[in-house]
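Chemist: Position one of the sequence shown corresponds to residue 832 (the working numbering), numbered consecutively onward.
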Amino acid sequence: LHLLSRRQRQMCIRDRYSWGPSTAALNSISDGKANTEAVRGNSADYPAFAAALALGDGWYLPARDELSTLFDMQGELINKGGYQEMLGIAYWSSTLTGSARAKKINYYDAVEAAMATVSLSGQSTVEGSVRAIAQFEIK
Numbered sequence: 832l833h834l835l836s837r838r839q840r841q842m843c844i845r846d847r848y849s850w851g852p853s854t855a856a857l858n859s860i861s862d863g864k865a866n867t868e869a870v871r872g873n874s875a876d877y878p879a880f881a882a883a884l885a886l887g888d889g890w891y892l893p894a895r896d897e898l899s900t901l902f903d904m905q906g907e908l909i910n911k912g913g914y915q916e917m918l919g920i921a922y923w924s925s926t927l928t929g930s931a932r933a934k935k936i937n938y939y940d941a942v943e944a945a946m947a948t949v950s951l952s953g954q955s956t957v958e959g960s961v962r963a964i965a966q967f968e969i970k
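And the structure:
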């Protein structure tokens with residue numbers, strides 16, 4: 832499990848995007864980088880992934896657990912500055928459920944995070960926000 836640490840940074844993209852088709856095998860709940868790499872060649876078909884990739888080298892759409900960790904650590908990150916709260920905004924994760932449905936994570940308040948799945952037919956029409964992350968080495 833990648834945990835958000837001082838070796839990861841995040842970027843909130845204000846625009847809203849659809850997730851895309853569910854034809855790729857994006858099953859990792861903890862490795863969004865691998866999920867994003869799996870669609871890199873077809874990213875035009877996956878708008879949420881394309882938005883993360885457009886930020887440059889190393890950026891990706893986080894997996895379910897990475898996005899949850901980001902939410903759990905937001906208090907600490909806000910205290911360090913340069914971090915925007917995740918409350919009241921629905922973010923896509925790069926993880927599909929076992930039934931090939933994209934996971935969309937909705938954060939309503941700091942106490943409870945509600946996770947919802949989007950139907951197969953809705954993945955290309957329902958829109959959500961992107962909270963991309965990147966890994967980097969601290970020297």
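Just so you know, even glycine gets a beta-carbon here, dropped at the ideal spot from N, CA and C.
1. In the DSSP assignment, the beta strand (DSSP E) including valine 961 goes from what residue to what residue?
2. For lysine 934, which beta-bridge partners are listed by DSSP?
3. Just list the residues that DSSP pairs arginine 847 with in beta bridges.
4. By Cβ distance below 8 Å, which residues in the same chain neighbour glutamate 958 in space, the five residues on each side in sequence not counted?
5. Alpha carbon to alpha carbon, what distance is there between threonine 956 and alanine 881?
6. Leaving out the 5 sequence neighbours to the left and right, which residues in its chain are closer than 6 Å to lysine 864 when beta-carbon positions are compared?
7. Does DSSP classify serine 874 as helix, strand or coil?
8. Shortest alpha-carbon distance to serine 791 belongs to which of Leu927, Tyr922 and Gly889?
9. What do you get for serine 950, buried or exposed, if any count of 16 or more other CB atoms within 10 angstroms of its CB means buried?
10. What number of angstroms, rounded off, separates the C-alpha of methionine 904 from the C-alpha of lysine 934?
11. Judging by CA-CA distance, which residue of Gly872, Asp896, Ser874 and Trp923 is the nearest neighbour of serine 960?
12. Taking only the alpha-carbon atoms, compute the straight-line gap between serine 853 and alanine 883 and give it to the nearest angstrom.
Modeler: If we stick to the structure as given:
1. DSSP places valine 961 in the uninterrupted beta strand (DSSP E) bounded by 958 to 966.
2. Lysine 934 pairs with Thr948.
3. Partner(s): Ser960.
4. Taken in chain order, the residues that qualify are Arg847, Tyr848 and Ser849.
5. Rounded to the nearest whole angstrom, the CA to CA distance from alanine 881 to threonine 956 is 15 Å.
6. Within the same chain, lysine 864 has close Cβ partners Tyr891.
7. DSSP places serine 874 in the helix class (H, G or I) of the three-state scheme.
8. The shown model of the chain, from 832 to 970, leaves out residue 791, and the question about it has no answer.
9. Counting Cβ neighbours within 10 Å, serine 950 comes out exposed, since fewer than 16 surround it.
10. Within the model, the alpha-carbon separation for methionine 904 versus lysine 934 is close to 20 Å.
11. Check the Cα spacing between serine 960 and each of Gly872, Asp896, Ser874 and Trp923: the tightest is with Trp923.
12. Annotation: serine 853 to alanine 883 spans about 18 Å, alpha carbon to alpha carbon.
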